[in-house]
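Heads up, the thing below is written out as structure tokens.
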Amino acid sequence: MGSRISVFTTIAITVLFVGLPGCGYNNLQGLDEDTKAAWSEVVNQYQRRADLIPNLVATVKGYAAHEKDTLEGVVQARAQATGIQVTPETLKDPAAFEQFQKAQAGLTSALGRLIAIAENYPNLKADQNFRDLQSQLEGTENRIAVARKRYIEKVAEYNKGVRYFPTNLTAKFLLHMEEKPNFTVADEKAVAKPPEVKFN
């Protein structure tokens with residue numbers, strides 16, 4: 117009997133608390149969904165970039181096969197970046213999130229070196245396929261920047277909801293939500309300078 121009353125009391129308190137204005141229950145749920153959607157777009161754009169790389173490497177190799185180290189560096193960086201399993205749990209694990217960031221930054225750096233090679237090969241720069249890939253890569257880098265900016269904004273909004281009173285009580289005790297990791301300042305500087313893909 118006492119157990120039933122205890123369960124009933126807990127449910128009643130929960131329902132009452134959730135119904136209180138300002139508890140933020142529904143708002144927090146919405147913010148959580150917004151961050152997940154924004155994160156999916158970040159991952160989507162990084163995947164789009166990864167999908168362009170094999171054709172880019174093959175095109176460069178056709179004109180600069182002896183640039184073996186750079187070509188292999190890009191292939192290896194792509195393998196590391198795409199080899200990281202990205203799940204919703206990644207958003208709750210700062211270490212996994214940082215690993216993802218580092219892998220993508222490594223790929224950005226490797227791509228920069230690959231694109232720079234074209235300066236030494238006029239025929240490569242003039243190749244229509246290469247120029248099309250440059251354009252697609254540039255567009256993708258811009259999409260990555262936009263997607264990351266949106267994610268940063270959504271996570272900042274979500275983290276405020278998790279930390280600020282009184283919604284922090286709902287986040288902690290009812291929803292068991294914690295702050296989500298975000299892109300670092302150092303990483304933002306890196307992404308602010310995407311691989312240069314325009315040539316004169």
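The letter at position 30 of the sequence shown is residue 146 when you use the working numbering, and the numbering goes up by one with no holes. Cβ atoms here follow ideal geometry from the backbone N, Cα and C, with glycine treated the same way. Just so it is clear, the structure is predicted and the values come from calculations on it, not from any experiment.
- The shortest C-alpha to C-alpha distance from Q192 to any of T206, Q220, E214 is the one to Q220.
- With 16 or more neighbouring CB atoms inside 10 Å of its own CB, N275 falls in the buried class.
- Annotation for V202: V159, F216 place their beta carbon closer than 7 Å to its own, counting only its chain and skipping 5 residues before and after.
- Contact between D148 and M293 holds, since their C-beta atoms are separated by about 7 Å, short of 8 Å.
- With 16 or more other CB atoms across the displayed protein chains lying within 10 angstroms of its CB, Q161 is buried.
- Non-local beta-carbon contacts of A263 in its own chain, meaning distances under 8 Å to residues more than five positions away in sequence, involve A154, E157, V158, N160, Q161 in chain order.
- Beta-carbon to beta-carbon, L230 and T186 are separated by about 6 Å, close enough to satisfy the 8 Å threshold.
- Cβ neighbours of Q145 within its own chain (closer than 8 Å, five residues either side excluded): L291.
- Of E254, E295, K296, the smallest CA-CA separation from R165 is found for E254.
- The alpha helix (DSSP H) runs lying completely inside the stretch 215 to 252 and spanning 4 residues or more are 238 to 242, given in chain order.
- One thing to note: L240 has its Cβ within 8 Å of the Cβ of V176.
- Of the candidates P297, G277, E295, the residue whose Cα lies closest to the Cα of Y141 is G277.
- The beta carbons of I268 and F299 sit about 6 Å from each other, so the pair counts as a contact at 8 Å.
- Per the C-alpha coordinates, the member of K152, C139, L168 positioned closest to T256 is L168.
- P204 sits away from K270, with the two beta carbons spaced by 8 Å or more.
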